[in-house]
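Chains as they are written, first to last, in the working numbering: chain P, 126 to 579; chain D, 126 to 579.
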């Protein structure tokens, strides 16, 4: 306890300043999907790092730039890499926010803004931990690097290639991931695996202009119907993906995964309350079965549909165009390339060669060994802050570009962060709980110290 | 010829003034679906009628008001009723207009604006004909009434009840319908039947808020998928409507209908060119087969789809809500009530009791006897203007509230108007050809005179 008391004291005393910095960062829009504010936000992040004495570079990628930074440590040759992203999800639907998405607002111990948790609060809370180390010791305990991309929310389109090309710049002994959270029982979670993703837009055009539906209904092809029928061939009402061979090469969970999952609390009631959902798919009631289905099952999710008239009341129009956003979550051994090929072949086979497929981003799944020493450091140092060590989750439903970190940079990747189940990432009223923000900074101080002294 | 020369001369000389009046009317938005400008437009129409000495009333309906007007004739006790509507379709998508939708613009002998053809140009061209009659004769040749509603584009929600309640006010010997047009060979068409319509919004809600697709994809119900699957049970890829009993009670076409259709030109090439469509549904190539399929076949058309994220790029969200606009065109003997009942029963039977059905308007099909003497007047008087009599079409694909005119007011209903196939009603760049506008006014002078003298 005593060892960390000065750092904790510093963090307790300076929380307001760090939250102010987070407010400034969150007020800067940086919506990758809309290419809105990307350069400005990269510059802001870079300046925040330079203020802490980091050497920084804003590096081009072909899309939004990557900010990289490093500062040597005083007492260890080891290097820790923080992976973060400065881009955020679109804020729409705007009308569902209680305060404007890009005007950070404090209410009830939480800061509300788009990106405040995913992922800007993780950037500033880590800088906050670094502030505490520098204030108390004048130097960092180990080398610290940051790689902060601007395309995470659109599938990290350019990051794998960037990592491939910049392996030396990004070399490190371990990596702390961009996110982490406590679960609904306030237990800190250690996620050692992430699903992959293949995100596509399916679109079809059946005419050059919309046609009066009275004229066209029985003789002209209808883009909306083509799309509905094509989508209907992808997945049945029992959630079975109908693309031939889709389940052939996938890696299922192990007995050990089941053990990890069984040690976790049942999320069923919490999910039902939080999202206002009455039941889960396939008659699953909860427990291990729900946890396994959540992450070890490939998915095919319609994220959006658009065609024709969508306003109030009626418009009698036969749409010339229709499109859908579809998100395939990948389990180990699946790759976006394979999914794209299977999807194209399937649509063609089903008579839907008129449906275009645009790949909007993705990457394979990857997992870190739960017994890696770095994972143990991150898990054990949490106890001092959260009253218990982190609980290991072998795989989660979400995705991220951990594949090149694990398999190209060969780093163990640990998750740790200040999220919680009500953080509303990707939804209106995204928020950051200030108590968890402070805890994460304290946790990071301990991780950096323990890692350096190992 | 000589008989009509003074009227034609008047019309030739005053076209600009009438087009100016049409511009004023078209500049006033009146989008029923968006409840935008309805009262203002009703007032404007009423003032235009009063200027011609009509007694007018703006009557409430529960929705947009109906404008009714009448002026007695000097030389005949017969009464002609004009049915028109002052509401217009939504102008969206606005970016596809070459000039703003509510700023009427003259280009190449056409006036461009939303509603300029459907139906405001029909209102002002009929007033223009009345101006000619009043200018040359000081009086009208017969009693003239107008009924001008404000909800035609949203399915004439309140008109049938309005007609039921105001039969005496609307009593007349014959009715001229709100539209009419020449075909792509410049032949004036007499449409004696209209399909019915049942327009619904199908919607489903699977959660209270959108869910991160990484979390939710394999365990939470997805509103977009529920909608896609439900729609998929309504119609198969061969355009067969799958609702049980849907085709049981419908009235098919007669030998006589086939004869009328066979006398009409083949629209196949014109349709392909106009809409940029490569082929027609069910391998139909054209001719009588295309004409019969176009109007005597019940339809189920998706007019719009909306769910989740629809912006640029990707957003990994599992939508809580999804909805579709669906337009069923009805052939004789089908009623909206029956369709709604069959649809509900079918969705329930298929396991989609979570899909809500909202009825957005409609009415049954109706037809006028092609041998009615009034039809003959309208058909024959066209020859003097168009160089040929009108060509009779026993039924068209579009819909309108002709059922209560034919079956409650017991009036023969003739179509005549200034439309043409490139008028872009319900699409961007709606336009009115000035030459056809003038012709319609001249035709109406002849119809009114011939009808009065019959």
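Ideal Cβ positions, reconstructed from N, Cα and C, are used throughout, including at glycine.
All of these numbers come straight from a predicted model, not from anything done at the bench.
Q) What residue range is occupied by the uninterrupted beta strand (DSSP E) comprising residue 292/P? A) Here residue 292/P refers to the residue found at position 167 of the first chain. Taken as a continuous stretch (DSSP letters only), residue 292/P belongs to no beta strand (DSSP E), as it is neither H nor E.
Q) Considering only C-alpha positions, which residue in the set 237/P, 194/P and 298/P is nearest to residue 270/P? A) As a working mapping, residue 270/P is identified with position 145 in the first chain. When only C-alpha atoms are compared, the closest one is 194/P.
Q | Nonlocal neighbours in the same chain, by C-beta distance under 7 angstroms from residue 346/D, ignoring five residues either side | A | For the purposes of this step, residue 346/D is identified with residue 221 of the second chain, where counting begins at 1. Result list for residue 346/D: 331, in chain order.
(Q) With a threshold of 7 angstroms on Cβ separation, who are the neighbours of residue 315/D within its own chain once the five nearest residues in sequence on each side are excluded? (A) For this step, residue 315/D is matched to residue 190 along the second chain. Here the set comprises 500, 503, 504, 515, 516, 517, 518, 539 and 540.
Q | Residues that DSSP places opposite residue 557/P in a beta bridge | A | Walking along the first chain from the start, residue 557/P turns up at place 432. Per DSSP, 236/P.
Q. Counting along the chain, where does the alpha helix (DSSP H) carrying residue 196/D start and finish?
A. Residue numbering aside, residue 196/D sits at position 71 when the second chain is read from its first letter. Element bounds for residue 196/D: not the alpha helix (DSSP H) but the beta strand (DSSP E), 191-196.
Q.
Any beta carbon of chain P sitting closer than 8 angstroms to that of residue 334/D?
A. Counted from its first residue, the second chain places residue 334/D at position 209. Answer yes: the Cβ-Cβ gap between residue 334/D and chain P drops below 8 angstroms somewhere.
(Q) In whole angstroms, give me the CA-to-CA distance for residue 225/D and residue 335/P. (A) By one-based count along the second chain, residue 225/D stands at place 100. By one-based count along the first chain, residue 335/P stands at place 210. Each residue's Cα considered, the two are about 18 angstroms apart.
**Q.** Cβ-based neighbour list, residue 292/P, same chain, cut-off 7 angstroms, excluding 5 preceding and 5 following
**A.** As a first step, residue 292/P must be located in the first chain, where it is residue number 167. Excluding positions up to five away in sequence, the list reads 533 and 534.
Q. Using DSSP with H/G/I as helix, E/B as strand and the rest coil, what is residue 469/P?
A. Against the first chain, residue 469/P aligns to sequence position 344. Helix.
Q: Figure out for me which residue from 483/D, 473/D, 303/D and 487/D has the closest Cα to the Cα of residue 461/D.
A: Counted from its first residue, the second chain places residue 461/D at position 336. Residue 487/D is the option with its Cα nearest to residue 461/D.
Q.
Looking at chain P, is there any beta carbon in it that lies within less than 8 angstroms of the beta carbon of residue 518/D?
A. Counted from its first residue, the second chain places residue 518/D at position 393. Chain P, which has no Cβ nearer than 8 angstroms to the Cβ of residue 518/D, makes this no.
**Q.** Terminal residues of the beta strand (DSSP E) in which residue 351/D lies
**A.** Stepping through the second chain from its first residue, residue 351/D is reached at position 226. Looking at the DSSP string, residue 351/D is not in any beta strand (DSSP E); the run it does join, the alpha helix (DSSP H), is 348-357.
(Q) Output needed for residue 495/D: all residues of its chain with C-beta closer than 6 angstroms, excluding positions within five of it in sequence on either side, in chain order. (A) Start at 1 with the first residue of the second chain, and residue 495/D comes out as number 370. Closer than 6 angstroms at the Cβ level, and outside the excluded window around residue 495/D, lie 317 and 517.
**Q.** residue 374/D classed as buried or exposed, judged by whether at least 16 other C-beta atoms fall within 10 angstroms
**A.** Looking up residue 374/D in the second chain gives position 249. Counting Cβ neighbours within 10 Å, residue 374/D comes out exposed, since fewer than 16 surround it.
Q: Could you name the residues of chain D that residue 320/P contacts, counting a contact when the two beta carbons are closer than 8 angstroms?
A: What you label residue 320/P is simply residue 195 of the first chain in a count that begins at 1. Under the 8 angstroms cutoff, chain D gives 339.
Q. How long is the line joining the alpha carbons of residue 202/P and residue 338/D, rounded to whole angstroms?
A. On the first chain, residue 202/P is found 77 positions in, with the first residue counted as 1. On the second chain, residue 338/D is found 213 positions in, with the first residue counted as 1. Each residue's Cα considered, the two are about 40 angstroms apart.
Q: With 8 angstroms as the threshold, decide whether the Cβ of residue 467/P is near any Cβ in chain D.
A: Residue 467/P sits at position 342 when you count from the first residue of the first chain. For residue 467/P, the answer is no, since every Cβ of chain D falls outside 8 angstroms of its Cβ.
**Q.** Residue-level contact to chain C via CB, residue 329/P, 8 angstroms cutoff
**A.** In the displayed structure, chain C is absent; the protein chains listed are P and D.
Q) Exposed or buried, which one is residue 493/D when buried takes at least 16 other CB atoms within 10 Å? A) Stepping through the second chain from its first residue, residue 493/D is reached at position 368. It counts as buried.
Q. Applying the criterion that 16 or more other CB atoms from any shown protein chain within 10 Å of the CB defines a buried residue, is residue 571/P buried or exposed?
A. Residue 571/P sits at position 446 when you count from the first residue of the first chain. Residue 571/P comes out buried.
Q: Identify the contact partners of residue 530/D in chain P, using a Cβ-Cβ distance below 7 angstroms as the criterion.
A: As a first step, residue 530/D is located in the second chain; it is residue number 405 there, counting from the start. Neighbours of residue 530/D on chain P: none; closest Cβ ~18 angstroms, over 7 angstroms.
Q: Kindly indicate which residue of 260/P, 245/P and 473/P has the alpha-carbon position closest to the one of residue 229/P.
A: Working through the first chain from its first residue, we reach residue 229/P at position 104. Out of 260/P, 245/P and 473/P, 245/P has the C-alpha closest to the C-alpha of residue 229/P.
Q.
Counting only Cβ pairs nearer than 7 angstroms, list the residues of chain P close to residue 71/D.
A. What the structure shows of chain D is the stretch from 126 to 579, and residue 71/D is not part of that stretch, so it cannot be assessed.
**Q.** Cβ pair residue 445/D, residue 440/P closer than 8 angstroms
**A.** Translated into positions along the second chain, residue 445/D becomes position 320. Translated into positions along the first chain, residue 440/P becomes position 315. Not closer than 8 angstroms, so no.
Q. By Cβ distance, which residues of its chain are closer than 7 angstroms to residue 253/D, with the 5 residues on each side in sequence left out?
A. Along the second chain, read from residue 1 onward, the residue named residue 253/D stands at position 128. These residues qualify, in order along the chain: 136, 143 and 566.
**Q.** Cβ pair residue 288/P, residue 454/P closer than 8 angstroms
**A.** Your numbering for residue 288/P matches position 163 in the first chain. Your numbering for residue 454/P matches position 329 in the first chain. Their beta carbons are not under 8 angstroms apart, which means residue 288/P does not touch residue 454/P by this criterion.
Q.
Within a Cβ cutoff of 6 angstroms, which residues of the same chain sit near residue 508/P, ignoring the five residues on either side of it in sequence?
A. Within the first chain, residue 508/P is the residue found at index 383, counting from 1. For residue 508/P, where only same-chain residues beyond five positions count, the Cβ hits under 6 angstroms are 514.
Q: Can you grab the Cα-Cα spacing for the pair residue 290/P / residue 283/P, in whole Å?
A: Counting from one through the first chain, the residue named residue 290/P turns up at place 165. Counting from one through the first chain, the residue named residue 283/P turns up at place 158. Those two C-alpha atoms are separated by around 11 angstroms.
(Q) If distances are taken between C-alpha atoms only, which option among 341/P, 153/P, 128/P and 274/P comes closest to residue 523/D? (A) Against the second chain, residue 523/D aligns to sequence position 398. Of the candidates 341/P, 153/P, 128/P and 274/P, the one whose C-alpha sits nearest the C-alpha of residue 523/D is 341/P.
Q.
Taking the straight line between their C-alpha atoms, what separation do you get for residue 156/P and residue 162/P?
A. Against the first chain, residue 156/P aligns to sequence position 31. Against the first chain, residue 162/P aligns to sequence position 37. So the alpha carbons of these two residues sit roughly 7 angstroms apart.
Q | Beta-carbon gap between residue 309/D and residue 395/D smaller than 8 angstroms | A | Position 184 of the second chain, counted from the first residue, corresponds to residue 309/D. Position 270 of the second chain, counted from the first residue, corresponds to residue 395/D. Result yes, Cβ atoms of residue 309/D and residue 395/D sit closer than 8 angstroms.
(Q) Let's test the definition: count the other Cβ atoms within 10 Å of the Cβ of residue 432/P and tell me whether it reaches 16, buried, or not, exposed. (A) The residue labelled residue 432/P in the question sits at position 307 within the first chain. The residue is buried, with at least 16 neighbouring Cβ atoms inside 10 Å.
Q: Check each candidate in 281/P, 140/P, 364/P and 190/P and name the one with the smallest Cα separation from residue 164/P.
A: As a working mapping, residue 164/P is identified with position 39 in the first chain. Measuring from the Cα of residue 164/P, the nearest candidate turns out to be 190/P.
(Q) Considering just the uninterrupted stretch of the alpha helix (DSSP H) at residue 340/P, what are its terminal residues? (A) Locating residue 340/P in the first chain gives position 215, where the first residue counts as 1. Looking at the DSSP string, the run of the alpha helix (DSSP H) that includes residue 340/P is 338-341.
(Q) Going by DSSP in three states, residue 448/D sits in which element: helix, strand or coil? (A) In the second chain, the residue the question calls residue 448/D occupies position 323. Correct three-state label for residue 448/D: strand.
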